[in-house]
Every structure is written in structure tokens, then in C-alpha cells.
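Engineer: Below is a structure I'd like to ask you about.
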Amino acid sequence: MSGKAAIQAGDAAALRDYVHDLVREKRPAAGWQSRAQAVRVIAAAALEFSEHYDGPRLNPRTMARTLERWIGQMPEASDWFPPKQVIDAVRRISFSDIGTR
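Each position in the sequence shown, counted from 1, maps to that position plus 802 in our numbering.
The following block contains the structure:
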């Protein structure tokens with residue numbers, strides 16, 4: 803990692819920690835269905851925080867990918883979010899498949 807990238811990564815740590823806190827605070831009682839759901843729920847608050855944050859700001863065009871990556875780095879991620887393969891499999895199930903197996 804270059805010196806500039808290392809400095810930016812360090813500066814972004816507080817922003818990433820804020821995102822992790824948002825995910826914890828806004829977690830639905832039934833749990834998160836996916837990281838994408840968590841991103842949709844926290845995106846506005848994370849963007850607003852980054853606009854007033856004294857450090858790197860979230861880019862609205864790439865914010866969803868950044869938030870999803872940061873959420874995946876949370877210590878709780880493996881417990882709170884289903885693996886991508888499970889989500890893809892659930893999306894492939896149609897209502898006509900239910901009860902036929």
C-alpha cells in the first residue's frame with residue numbers, strides 16, 4: 803500500500819467504525835437478510851456523516867460497494883449475514899417450486 807493510500811485507510815477507520823455502529827444499531831429484530839439490505843438501511847446516514855467528517859468522504863457513485871465491503875469486514879459479519887451462495891440460491895427459488903419437492 804502506498805503512503806497516501808495508507809494515510810487514507812487510517813483516516814477512513816473512524817468512518818468505517820461509524821458504519822459498523824450503524825449496522826449494529828439499526829439491525830432488525832429478525833436480523834439482516836443480506837448485506838445489501840443493511841446498505842440500503844444505513845446509506846443515507848453514512849453519507850451524511852461522511853459529508854461532515856474531517857477525513858475521506860464517501861463517493862455516492864461507489865458508496866454501496868464500499869459500505870458492503872466494510873460491513874463484510876465486521877467481526878459479526880459471518881454470524882449476521884448469510885453467505886452469498888445462500889442468497890443467490892434463495893433468489894433462484896420461484897413460488898411455483900414451493901411444495902413440489
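Glycine is no exception: its CB is placed at the ideal position from the N, C-alpha and C atoms.
From a predicted model like this one, the values you see are computed outputs, not experimental measurements.
Report the residue ranges of all beta strand (DSSP E) runs contained in full by the stretch 847-877; include only those spanning at least 3 residues, in chain order.
Structural biologist: Runs found: none.
Engineer: Are the CB atoms of H822 and M876 within a distance shorter than 9 Å?
Structural biologist: Yes, these two residues count as a Cβ contact at 9 Å.
Engineer: Can you give me the start and stop residues for the alpha helix (DSSP H) that W882 sits inside?
Structural biologist: Segment A879 to W882, the alpha helix (DSSP H) holding W882.
Engineer: Are the CB atoms of E870 and R837 nearer to each other than 9 Å?
Structural biologist: Going by C-beta atoms, E870 is nearer than 9 Å to R837.
Engineer: Out of E850, W834 and P858, state which residue places its alpha-carbon closest to the alpha-carbon of P885.
Structural biologist: Here the closest residue by C-alpha is W834.
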